[in-house]
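Trainee: Mapping of the sequence shown onto mature numbering (1 follows the signal peptide of the UniProt record, and there is no 0): residues -21 to -1, 1 to 423, in sequence order. Note that CB positions come from ideal geometry on N, CA and C, so glycine has one too. Everything numeric in this text was worked out from a predicted model, so none of it was measured.
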Amino acid sequence: MKKKALSYLVLLTLVIGLALSGCSSSDKSASEGKSGDGKIHLKFMHDWPKGSSTAYYSLVDEIIKDYEAKNPNVVIDVEVLNPDQYRDKLKVLAASNELPDVGLTWSNGFAEPYATGGQFAPLDDIIEKEFKDQFVPGTVESYSFNGKSYALPMEMNITYIFYNKEIFKKYNLEVPKTFEDLKKIGKTLIKNGVIPATVGSKDGWPASMWFMYLADRIGGPTILTDVIKGKVKMSDPAIVKAAKEIQNLVDMGFFVKGNTAFSNDDAKGYFLNEKAAMFLTATWELPNFTTSPDVPQEFKEKVGYFKFPIYEGGKGTDINSYVGGPGLGAFVAENSKHKEQAKDFAAYLVKEWGKRSVEEAGILPATKVNTEGLNVPKMYLDVLNDINNATNITTWFDTQASPNVSELHHDLITALFGKQITPEEFAKQHDEALAEEAKKNKQP
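#1: Quick check on this structure: which residue in K208, D40, K254 and F124 has the alpha carbon closest to the alpha carbon of W332?
#2: Terminal residues of the continuous alpha helix (DSSP H) containing L265?
#3: Skipping 5 residues on each side, what residues in its chain have a beta carbon closer than 7 Å to that of Y122?
#4: Tell me the residue span of the beta strand (DSSP E) that contains H20.
#5: Can you list, in chain order, the residues of its chain with a C-beta nearer than 7 Å to that of A380? Leave out the 5 residues immediately preceding and following it.
#6: According to DSSP, simplified to helix, strand and coil, what is P344?
#7: When DSSP labels each residue in this structure, what does G237 get in the three-state scheme?
#8: Flag this pair as yes or no: are the beta carbons of L353 and M135 separated by less than 8 Å?
#9: Could you check if T296 is buried or exposed, using at least 16 other CB atoms within 10 Å of its CB as the buried criterion?
#10: What does the alpha-carbon distance come out to for the pair L360 and L203?
#11: Kindly give me the distance between the Cβ atoms of F124 and A94, rounded to whole angstroms, as I take these residues to be in contact under 8 Å.
#12: What would DSSP say about K418, mapped onto helix, strand or coil?
#13: Does the Cβ of N143 have 16 or more other Cβ atoms within 10 Å, making it buried, or fewer, making it exposed?
#14: Grab me the residues of I218's own chain with a C-beta within less than 7 Å of its C-beta, minus the 5 sequence neighbours each way, in chain order.
#15: Tell me, to the nearest whole angstrom, how far the beta carbon of F258 is from that of A176; I am working on the premise that it is less than 8 Å.
#16: Under 8 Å, do F241 and S180 count as touching if we go by C-beta distance?
#17: Tell me whether E77 is buried or exposed, calling it buried when 16 or more other Cβ atoms sit within 10 Å of its Cβ.
#18: Which stretch, first to last residue, makes up the beta strand (DSSP E) that contains D56?
#19: Rank N238, E319, T270 and A246 by C-alpha distance to the C-alpha of residue 439 and give the top, closest one.
#20: Would you mind working out which of V71, T118, F23 and Q408 sits nearest T346, comparing C-alpha positions?
#21: Could you tell me which whole alpha helix (DSSP H) segments of length 4 or greater appear in the segment 95 to 170?
#22: Between the beta-carbon of F99 and the beta-carbon of I55, is there less than 8 Å?
#23: Can you tell me which residues form a DSSP beta bridge with M257?
#24: Using three-state DSSP, classify L83 as helix, strand or coil.
#25: In the DSSP assignment, the beta strand (DSSP E) including A325 goes from what residue to what residue?
#26: Take the Cβ of P216 as the centre, count every other Cβ of all protein chains shown within 10 Å, and call the residue buried at 16 or more, exposed below.
#27: Counting pairs of Cβ atoms below 8 Å between the segment 260 to 276 and the segment 154 to 162, do you hit three or more?
#28: Could you say which of L21, G17, D16 and G15 lies nearest to S315 if we only look at CA atoms?
#29: Specify, as a first and last residue, the run of the alpha helix (DSSP H) that S37 falls within.
#30: Is it the case that the Cβ atoms of N52 and K108 are separated by a distance below 8 Å?
#31: Quick check on A380: does DSSP put it in helix, strand or coil?
#32: What's the C-alpha gap between residue 427 and V384?
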């Protein structure tokens, strides 16, 4: 496998440099707050930039303004980064014990070291007082460790293949029922000079969704979770076969060329600009395909979606099994100087998010949604219905894994899509990292 040009140490140095030089996309940095103004300043950090996540950004901005209006003695100092910058900066801030008062965290393996390491404050009191029985079952548990809950869930996402209905109609293509059908669609599109699917594999995680679904459909819905639990190895034949199928798709030209240099936003542009027929992504993109004023209505009317097709002969025979799970949740820093106020803001943020997110921004919250009377595009009602009828939702592998394993997984996915590593070596390196992680966890 070819090593990335920047080592992780250099990457962290760059992140620190950006933070110190003020080059991040901060909207109201802490330094802009007047010193000695007598107000409580809460630092809040999130990863929904205005340009690429307009609906999310606007909703959060609106909620913050409302909170400040209701609490004139409080100022929320906001910093906004893209998801990959956010992950890196969170690590840097945690290492120096300088997390923001309130921030966002992914669930499971990502959140665990922060929670068990004393960085995140337990929020069971807030959940009991403000959110009793309001969260979708299973979401709070994704942020719970050693009997305590460390974040308030904000999102619930599942993953689909979104497609351009006009392109499909032009070439007489129908929604695929099997993986072989999907490959036949790819061959027809390639023959006619159309990119079948766009994907950004530079950062690993967007492309990993293709791998996760193939592992689900070939090896069964629990296979990747069983890897995390130590019940199955990544070298299991079904998982290696999933990796081989990824490279078969690469070889046939199914994915946009040069995707190992593309971020998720780069890849998304090919779909939004109708240069690619399909885009595998999660329901966090629904606003772009339905309600966003930044996307032409003419394009939005062309977008449909379908569930990842069944793999003939595979163990994952239920098309209602999804890759997805809780997205981001709001945490409060354990060492916040204004912890109770930070908890109050976090609770307000998540509660208002749940009330406003579907109708105002087209976002699926982690709180329960009553669909009766909802004034939203039909696609939302269909997705909410899919979630209600899902037989399984496997949380993303990289979210379940520890940060170290997750980071390696992203690198290996990039290498897999770039044909820089064999499926067997892909599996072997995962197994070695997981074994090392298990060994560390056993140490007293």
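Mentor: Reading off the structure:
#1: D40
#2: L265 to T269
#3: S86, A90, S128, Y129, A130, P132 and G308
#4: I19 to H25
#5: G88, I207 and H388
#6: strand
#7: coil
#8: no
#9: exposed
#10: 29 Å
#11: 5 Å
#12: helix
#13: buried
#14: A194, G198, I202 and A406
#15: 7 Å
#16: yes
#17: exposed
#18: V53 to V59
#19: Because the chain in this structure spans residues -21 to 423, residue 439 falls outside the shown range and cannot be described.
#20: T118
#21: 103 to 109, 144 to 149 and 158 to 170
#22: no
#23: Y142 and A176
#24: strand
#25: Unbroken run through A325 is the alpha helix (DSSP H), K318 to R335; no beta strand (DSSP E).
#26: exposed
#27: no
#28: L21
#29: T33 to K49
#30: no
#31: coil
#32: Because the chain spans -21 through 423 in this model, residue 427 falls outside it and cannot be assessed.
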